[in-house]
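Just so you know, we're using my numbering here: the sequence shown kicks off at 31 and counts up by one.
We treat Cβ as the ideally placed atom computed from N, Cα and C, and that holds for glycine.
Below is one structure, written out as structure tokens; comments come after it.
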Amino acid sequence: MSAAESRASVAPVPFRRTRRLVFALLVAATTGLGLGTMFRILHVGGLTPLELAILALFTVTFGWIVIAFWSGIIGFVLSLAGRDPLSLTKISPPRPPEDARSRTALVMPIHNEDVERVAAGLEATCRDLPPITEARRIEAFVLSDSTDADIVARERATMAALQHRLADHCQLHYRHRDSNAGRKAGNLGDFCQRWGQHYDFMLVLDADSLMSGDTVHQLIAEMEANPRLGLLQTVPIPVRQDSLFGRANQFAAAVYSPMLATGLSFWQSDAANYFGHNAIMRVDAFTRHCGLPELPGRPPLGGDILSHDFVEAALLRRAGWEVRMRTDLSGSFEEMPSHILDYAKRDRRWVQGNLQHLRLLGGSGLHMLSRVHFLCGALAYLSSLIWLAILVVSTIDALMRALIEPNFFTSNAQLFPNWPIAPPNLIMPLLGGTLAMLLMPKVLGVCLALRRHPGLYGGRARLAASALLEALFAMLIAPLMMVFHSRFVIEVLSGRTVAWNPQSREGRALPWREALRHTWPGTLAGTFWAWITWWYTPTFFWWLTPVWLGLMLAAPLVRLSSSLTIGRRLRQRGLLLVPSETAPPAVLKGLTLPATVDGNAEPAPPPAERPCDMPLQSFSRDWARHPPTQQQGIGK
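Structure representation (structure tokens):
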């Protein structure tokens, strides 16, 4: 099959606009139903300003829940039927043309990382690659912009040893640049401008990424088969977690993420998003269309674009390239923070980056779904502040009703009182419906796991018990994460910026002092919240139980969930087990820290440079009048 024949055989995305329209109508109708119900509940006796605020805030958070609900429903149906979310046909491997020839770089940007862990993960990935052929060559590139001299020295020695160990498996290159300009996006841009023309594709890995050789080759094959494809994202699953917090998140990702991603892929189709790693992209398209400008103004909302991945996906789609997501590949892995405080620190960086995206909503020429990605990325954190505002306003409204004696006679000439009309019996249905939509994706994910391979999660009984344990844990920490995210949003909007330092991934049990130091304000607020509502409005006190209980238990939750001992004991009892533990792939089995290396060794130099330009993009109206030319992409 020739390249031209392959181009014609690429599976189309049928009903692309129709499926987006249907999804939008489902979300709008469900949100409208919730809004109407809440309006009828609050409208008794007229709407006060506080109740109007509650109604507006409720609409935003309810709509956010509805999007996840319908994405989960769609993902469940497609996963159960074994259908590809894009072509809607049975899932099958891509068919590259017989004359396809490509060169791919596995690029791993690093910045002051634990270089031994970096080397271990990259070595495991490279050793899992099938033998390289002349038609499909794969090389690895470690792109360092570390600023610590001691770390740079260790990097050089470690990479020199790794080059020697991988000599028969995969050619490894190492580059250190003195500048950290542009952070990770600048690091990748420097690679594209100096060596990008050596390669057709680059597969971006984070310092904690792992990927099986089979997954790498399937990604390359799909890029070869579809010359219109600019970026292909996988669904990375967390692995190697020992703490209770890490294991609960690892279990949730393994059970729920592929199904939810399938639902997202269905309506996003060829305008999907980019997560910044564990994705492959066409180097030429990335170089020509993803040069990021600085945002006008000062940080945190100006300066370098921090969450660059969303923006790069939007720029590729604006230029006519397809951006897709593969949800069926099971060999894409990452690590994650092992306790709540490190997890929150990572979220603090993402809050700043995602709020910058709000400034790009009106960017010229962007695809509608790219704007949706920007908005949803910001809402992921703004929704916490909105939810907190709903709770605070509702509490104030309940206290005012309890403290202010009602007046049933509004006129001196009135003979009969204006009794308040009891609201329709809608409160419990609305609450129950909201809770059902929150939990339904979890229930459906467990049903899929029970049907397909329950043994990989320890058996049906242990899978069900693990799902209940994870749901309870998620409910308890939700109020604390709500407070953290709300604080982060307020800090960014008030002008406070944050340094993007490397994240800690190694598990450690937090001391009580550290847990208390970061949680005592929330605990104090939760205690006061519980006391004042119990004293003045006991009924509302019981409604708020999940909130004040999670805040009052914040320190024990942070401390105990960081425990490696508890996490390991749960594993021994078969709880929160995941497939990467019960049936680990070869790439995880091969992950071992390297031995001590010669501190004086120097890595071989990278290949000769082939410089090219990476033009900076614009989001202004000037781009619409003079867009760059695109030969291989497709129209919007």
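Could you tell me how far apart the beta carbons of residue i and residue j are, in whole angstroms, since I believe they sit closer than 8 Å?
| i | j | result |
| --- | --- | --- |
| T464 | G361 | Not confirmed; about 36 Å, so no contact. |
| E342 | D334 | E342 to D334, Cβ: 13 Å. No contact. |
| W417 | T89 | Their Cβ separation, rounded to whole angstroms, is 12 Å, which puts W417 and T89 out of contact at 8 Å. |
| M232 | T357 | Incorrect: roughly 21 Å between the Cβ atoms, too far for contact. |
| L478 | M189 | L478 to M189, Cβ: 41 Å. No contact. |
| A374 | T567 | The Cβ separation is near 31 Å, so there is no contact. |
| L581 | T553 | 6 Å |
| L460 | G64 | 7 Å |
| K472 | A501 | 6 Å |
| C222 | T119 | Actually they do not touch by this definition, with Cβ atoms about 34 Å apart. |
| E185 | V234 | Wrong, their Cβ atoms sit about 19 Å apart, outside the cutoff. |
| P637 | H228 | 6 Å |
For residue i, which beta-bridge partners are listed by DSSP?
| i | result |
| --- | --- |
| S174 | I140, H206 |
| T712 | No statement about residue 712 is possible, as the shown extent of the chain runs from 31 to 666 and does not include it. |
| M355 | Q263 |
| M241 | S362 |
| K120 | R113 |
| M311 | M232, L261 |
| Q201 | E169 |
| A301 | V353 |
| L325 | G333 |
| P268 | E364 |
| L646 | G321 |
Select from the options the residue whose C-alpha is nearest the C-alpha of residue i.
| i | options | result |
| --- | --- | --- |
| V107 | G293, K120, F275 | G293 |
| L621 | M241, W564, D339 | M241 |
| L583 | I520, R601, L510 | L510 |
| A237 | P484, A150, R389, R50 | A150 |
| Q298 | R354, H203, Q647, G580 | R354 |
| R277 | E632, L605, D643, A613 | L605 |
| L152 | H194, D144, M138 | M138 |
| Y204 | A215, D198, A211, S176 | S176 |
| R378 | I104, R195, L523 | L523 |
| I97 | L405, R328, C222, R166 | L405 |
| E24 | P160, W380, L202, A211 | Not covered by the structure: residue 24. The range shown for the chain is 31 to 666. |
| L249 | W578, L359, S109 | L359 |
| A197 | D208, A183, V172, C156 | C156 |
| P4 | L486, A165, P329 | Lying outside 31 to 666, the shown extent of the chain, residue 4 is not represented and no answer is given. |
| S109 | R389, Y286, R70 | Y286 |
Applying the 10 Å Cβ sphere with the 16-neighbour rule, what's the burial state of residue i?
| i | result |
| --- | --- |
| T575 | exposed |
| D230 | buried |
| A654 | With a pLDDT of 48 at A654, under the threshold of 50, the modelled position of that residue is not reliable, and no figure is offered here. |
| V608 | buried |
| G306 | buried |
| F438 | With a pLDDT of 48 at F438, under the threshold of 50, the modelled position of this residue cannot be trusted; read the value that follows with caution. With fewer than 16 other Cβ atoms within 10 Å, it is exposed. |
| E639 | exposed |
| A111 | exposed |
| R603 | exposed |
| Q661 | Low confidence applies here, because Q661 scores a pLDDT of 37, under 50, leaving its location unreliable; read the following figure in that light. Looking at its Cβ environment, which holds fewer than 16 other Cβ atoms inside 10 Å, Q661 is exposed. |
| V422 | exposed |
| F558 | exposed |
| S650 | exposed |
| A179 | exposed |
| W449 | Unreliable positioning characterises W449 in this predicted model, as indicated by a pLDDT of 47, which lies under 50. A coordinate reading is not provided. |
| F53 | buried |
| Q444 | Any reading at Q444 must be qualified, since the residue scores a pLDDT of 48, below 50, and its modelled position is unreliable; the value itself is stated next. Exposed. |
| H387 | buried |
| G392 | exposed |
| H403 | buried |
| L28 | As shown, the chain starts at 31 and ends at 666. That puts residue 28 outside it, with no answer to give. |
| T67 | buried |
| A38 | Note that A38 scores 42 on pLDDT, short of 50, meaning its location in the model is unreliable and no value can be drawn from it. |
| M512 | buried |
Please state whether the Cβ-Cβ distance between residue i and residue j is less than 7 Å.
| i | j | result |
| --- | --- | --- |
| S414 | G383 | no |
| S132 | E254 | yes |
| T61 | G93 | yes |
| P645 | G243 | no |
| G350 | R312 | no |
| H369 | F514 | no |
| A309 | Q263 | yes |
| L257 | M366 | One point to set straight first is that residue 257 is Pro, not Leu, in the sequence displayed. Against a cut-off of 7 Å, the Cβ pair of M366 and P257 comes out as no contact. |
| F281 | S516 | no |
| R589 | A555 | no |
| H206 | S174 | yes |
| S295 | P115 | yes |
| N210 | I181 | no |
| E252 | Q201 | no |
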